[in-house]
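Okay, so the sequence shown: first residue is 1 according to the working numbering, each after it adds one. Down below is the structure, laid out as structure tokens.
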Amino acid sequence: MRLQKYLASCGVASRRAAEKLIAEGHVTVDGVVITEMGTQVTEGQVVCVDGNEVTPESKKFYIMYHKPAGEVTTVSDPENRATVLDKFRDFPARLYPVGRLDYDSEGLLILTNDGDLTKRLLHPSGEVDKVYLARVSNQVTEMEIRKLERGVMVDGRRTSNAKGKILDVKPLYTDMLITIHEGRNRQVRKMIEQIGHQVVLLRRIRFGPLRLGDLPRGMWRELTEDEVSMLNRL
Numbered sequence: 001m002r003l004q005k006y007l008a009s010c011g012v013a014s015r016r017a018a019e020k021l022i023a024e025g026h027v028t029v030d031g032v033v034i035t036e037m038g039t040q041v042t043e044g045q046v047v048c049v050d051g052n053e054v055t056p057e058s059k060k061f062y063i064m065y066h067k068p069a070g071e072v073t074t075v076s077d078p079e080n081r082a083t084v085l086d087k088f089r090d091f092p093a094r095l096y097p098v099g100r101l102d103y104d105s106e107g108l109l110i111l112t113n114d115g116d117l118t119k120r121l122l123h124p125s126g127e128v129d130k131v132y133l134a135r136v137s138n139q140v141t142e143m144e145i146r147k148l149e150r151g152v153m154v155d156g157r158r159t160s161n162a163k164g165k166i167l168d169v170k171p172l173y174t175d176m177l178i179t180i181h182e183g184r185n186r187q188v189r190k191m192i193e194q195i196g197h198q199v200v201l202l203r204r205i206r207f208g209p210l211r212l213g214d215l216p217r218g219m220w221r222e223l224t225e226d227e228v229s230m231l232n233r234l
């Protein structure tokens with residue numbers, strides 16, 4: 001891990017502030033003053049700030065983020081597109097997204113440094129419900145909804161049972177809810193294509209017991225203790 005990231009994970013300062021500490025000679029690694037950015041720290045090395053040893057925080061963070069369309073759900077992107085972690089570069093812990101939302105989709109995304117919880121939430125045996133609000137081209141029929149619910153072929157495999165509910169039908173589009181518990185790449189969009197429609201807008205509004213509510217697009221908040229407990233009980 002780069003030294004400035006290590007200092008941030010210890011709660012000493014943001015990465016930018018940590019870089020200043022390094023440049024000013026406040027930081028040592030195994031007793032040697034380090035002033036170069038990008039110095040790597042490996043397990044077992046002793047890092048001190050002004051003579052005081054620092055270690056990574058054990059505190060776990062749980063964030064709900066309203067991902068906007070136009071961000072990729074990855075730590076970095078080879079095409080230099082915006083990522084969901086860009087707003088968290090100075091966060092005191094390194095966060096990771098739980099699952100993903102595709103580039104064109106928006107909605108509820110969980111970010112955390114709790115790897116054990118992430119694995120549990122994403123494991124297929126958990127069957128955690130994910131609810132999406134979708135605006136779909138043209139008029140969706142109840143017969144097509146039933147087809148979705150029974151499962152359709154996506155990338156050579158039939159999807160698991162889903163739930164669908166039509167909210168509003170207009171001449172050019174249909175607003176509907178769709179609930180799945182899988183996490184395949186662009187799954188909802190591909191399912192809708194299998195019944196002869198296209199997704200115009202897709203927003204995840206619920207993940208397990210968590211609801212997006214009125215959290216504005218592009219904003220985030222920490223989960224409450226009750227919300228974290230609900231996730232751990234899944």
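We put the CB at the ideal spot given by N, CA and C, even for glycine.
Beta-carbon proximity of residue i to residue j, cut-off 7 Å
i, j, result
"A134", "I63", "no"
"T39", "G25", "no"
"V199", "R189", "yes"
"D235", "T83", "The displayed coordinates of the chain run from 1 to 234. Any statement about residue 235 would go beyond what the structure contains."
"M1", "V41", "yes"
"L21", "V27", "yes"
Exposed unless 16 or more other CB atoms sit within 10 angstroms - verdict on residue i
i, result
"E71", "buried"
"M37", "exposed"
"E144", "buried"
"D114", "buried"
"E19", "buried"
"S9", "buried"
"Q187", "buried"
Inter-residue CB distance, residue i and residue j (contact presumed, cutoff 8 Å)
i, j, result
"L215", "H66", "5 Å"
"F61", "E225", "F61 to E225, Cβ: 13 Å. No contact."
"L85", "L234", "With a Cβ gap of about 24 Å, L85 and L234 do not count as contacting."
"R206", "L108", "7 Å"
Contact test: residue i Cβ vs the ligand SAM heavy atom, cutoff 6 Å
i, result
"D116", "Absence of the ligand SAM from the depicted structure is noted, as is the absence of any ligand whatsoever, leaving it without description."
Option in the options with minimal Cα separation from residue i
i, options, result
"I195", "K119, A18 and V154", "V154"
"D116", "V98, K5, D129 and L7", "V98"
"V131", "V12, L212, P124 and D168", "L212"
"R204", "K147, R217 and H197", "R217"
"G31", "E19, V47 and A17", "V47"
"W220", "I110, K5, T74 and A23", "I110"
The segment 150-162 / the segment 175-189 touching (three or more Cβ pairs under 8 Å): yes
At least 3 beta-carbon pairs within less than 8 Å: the segment 100-113 vs the segment 168-176: no
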